[in-house]
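Trainee: Input: one structure, supplied below.
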Amino acid sequence: MSSPPQPRILMCPPDHYGIEYEINPWMNRSLGAVAALAFRQWQQLHDTLVALGVRVERMTPQPGLPDLVFTANAGLIFHNTFLSSRFRHEVRARESPHFDAWFAANGFTVEHLPEKTFHEGAGDALFCGETLFAGYRTRSDATAHQWVGEKFGVRVLPLELVNPRFYHLDTCFCPLAPGAALYFPDAFDTYGQRVLQTHVPKLIPVVEPEAHRFGCNAVVVGKTVVHNSRCPGLAASLAQAGYRSIEVELDEFLKAGGSAKCLTLRLDGEEAAGWKQKG
115 MSSPPQPRIL
125 MCPPDHYGIE
135 YEINPWMNRS
145 LGAVAALAFR
155 QWQQLHDTLV
165 ALGVRVERMT
175 PQPGLPDLVF
185 TANAGLIFHN
195 TFLSSRFRHE
205 VRARESPHFD
215 AWFAANGFTV
225 EHLPEKTFHE
235 GAGDALFCGE
245 TLFAGYRTRS
255 DATAHQWVGE
265 KFGVRVLPLE
275 LVNPRFYHLD
285 TCFCPLAPGA
295 ALYFPDAFDT
305 YGQRVLQTHV
315 PKLIPVVEPE
325 AHRFGCNAVV
335 VGKTVVHNSR
345 CPGLAASLAQ
355 AGYRSIEVEL
365 DEFLKAGGSA
375 KCLTLRLDGE
385 EAAGWKQKG
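Here it is in structure tokens:
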């Protein structure tokens with residue numbers, strides 16, 4: 115039996131990261147970010163992933179694009195296709211040409227969504243098994259998710275995000291394996307909760323204080339889950355489910371509404387995160 119391929123993740127160093135505008139409830143320009151501390155936290159996440167056997171590719175940071183560091187929002191990867199995001203906010207839309215150029219230079223077919231639709235990539239579209247779970251309302255459109263489903267020939271289950279602090283799906287939902295995921299129930303309406311309960315047999319709820327530390331915004335490498343610090347309940351739940359938990363302090367990025375998952379993009383596709391790897 116052949117060994118699984120090496121996980122590949124795209125990251126962007128936080129050379130130009132900062133709170134330069136406010137486009138979600140976490141961002142406050144008066145608080146700002148401590149640049150040196152942000153870089154140390156980013157580096158710890160990077161080194162943790164490398165130690166887990168991940169091949170980390172790097173984007174070149176760009177002045178004036180403080181959120182380029184959040185590579186999860188670049189687009190959605192499906193096999194060898196990179197579907198570039200259409201950002202709702204112009205301050206983030208300026209990132210797309212840089213992501214498009216990187217993916218084109220690295221052998222991906224770059225595709226774009228129809229105009230006047232919004233879709234923010236792996237921030238709002240996560241595979242759990244063969245189903246693409248899709249968050250909409252705050253940043254991405256339900257119609258854009260339908261278009262993606264037809265484009266790639268996959269089943270899409272839209273989930274309305276009803277709490278503005280959980281503005282992307284990856285802030286409140288994290289697939290672990292086919293049929294298993296972390297989630298914060300109160301980020302979804304009653305219908306969305308029922309959809310998740312119906313289609314994901316092993317749902318691990320995250321309590322509100324740890325959801326607000328973006329415990330769900332985690333990176334899964336095989337049976338290891340890397341997430342923000344001070345989430346003891348989450349760590350215990352993961353251990354009970356047979357996962358190893360690694361905490362990394364990422365509070366400087368929480369100031370912008372991001373954490374471990376936001377800082378990473380699976381180059382082998384989001385569906386690869388939890389079940390194509392061992393460990």
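Anchor point for the sequence shown: position 246 equals 360 in the working numbering, and the numbering is continuous, going up by one each time. Each residue gets a CB set at the ideal place from its N, CA and C atoms; glycine is no exception.
Suppose you measure from the CA of residue 380 to the CA of residue 332; what does that come to, to the nearest Å?
Mentor: Taking the straight line from one Cα to the other gives about 12 angstroms.
Trainee: Taking the straight line between their C-alpha atoms, what separation do you get for residue 285 and residue 296?
Mentor: Each residue's Cα considered, the two are about 10 angstroms apart.
Trainee: Does the distance from the CB of residue 209 to the CB of residue 181 come in under 8 angstroms?
Mentor: Yes. Within cutoff.
Trainee: Are the CB atoms of residue 121 and residue 156 within a distance shorter than 8 angstroms?
Mentor: It is not a contact, given that the beta carbons lie outside the stated cut-off.
Trainee: Return the CA-CA distance between residue 239 and residue 250, expressed in angstroms with no decimal places.
Mentor: Cα to Cα, the separation comes out at about 9 angstroms.
Trainee: Which of helix, strand or coil does DSSP assign to residue 257?
Mentor: Helix at residue 257.
Trainee: The alpha helix (DSSP H) that contains residue 351, what's its start and end?
Mentor: From DSSP, the alpha helix (DSSP H) with residue 351 extends over 346-354.
Trainee: Rounded to whole angstroms, what's the CA-CA distance from residue 313 to residue 334? Just pull it up for me.
Mentor: Straight-line Cα distance between these residues: approximately 20 angstroms.
Trainee: According to DSSP, is residue 167 helix, strand or coil?
Mentor: In the structure shown, residue 167 sits in coil (DSSP, three-state: anything other than H, G, I, E or B).
Trainee: Run the CB neighbour count on residue 369, radius 10 Å, all protein chains shown included, and call it buried at 16 or more, exposed below.
Mentor: Counting Cβ neighbours within 10 Å, residue 369 comes out buried, since at least 16 surround it.
Trainee: Going by DSSP, which residues form a beta bridge with residue 191?
Mentor: Looking at the DSSP assignment, residue 191 forms a beta bridge with 196.
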